[in-house]
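Right, one structure below, let's go through it.
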Amino acid sequence: MGPIGFPELIVIFVVALIVFGPRKLPDLGRSLGRSIAEFKRASNELRSTLDDEIRMEERRAATPATTSAPAPAPTPMLHPPAGDPNTIDHPPVVSEPVARGQHGS
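According to my numbering, the residues represented by the sequence shown are 6 to 110, in order.
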């Protein structure tokens, strides 16, 4: 199926003239032209907005991060410092793994 040629346009115009009449045809053409113009305007606005967003993301990706690296997690102490009066000096509790199917009693 190729592009619409001149004979096809004449047939479409004649059918539109019969269906809509000679009085409504100019109004119909005007409203169709306005609709197409509005669609093009909205399409161009959307395209420019997307282009702006893409440029902003590229700039963010290209600039180095200004935040410092996160602080390392504190190392857990197995034994509290010696001489701390608020702690009881005892060895750490080590639990033994339970084999599958066995329950501790």
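C-beta atoms are modelled at their ideal positions from N, C-alpha and C, and glycine is treated no differently.
Does DSSP put ALA66 in a helix, a strand or coil?
Against the sequence shown, residue 66 aligns to sequence position 61. Helix at ALA66.
So LEU30 packs on ALA21, CB below 8 angstroms; how close in whole Å?
What you label residue 30 is simply residue 25 of the sequence shown in a count that begins at 1. What you label residue 21 is simply residue 16 of the sequence shown in a count that begins at 1. Going by Cβ atoms, the distance from LEU30 to ALA21 rounds to 6 angstroms, so yes, they are a contact pair.
I need the straight-line Cα distance from GLU58 to ARG28, nearest angstrom please.
As a position in the sequence shown, residue 58 is number 53, starting the count at 1. As a position in the sequence shown, residue 28 is number 23, starting the count at 1. Roughly 47 angstroms separates the two Cα atoms.
What is the rounded straight-line gap between the Cα of VAL24 and the Cα of VAL16?
What you label residue 24 is simply residue 19 of the sequence shown in a count that begins at 1. What you label residue 16 is simply residue 11 of the sequence shown in a count that begins at 1. Looking at the two C-alpha atoms, the distance is approximately 12 angstroms.
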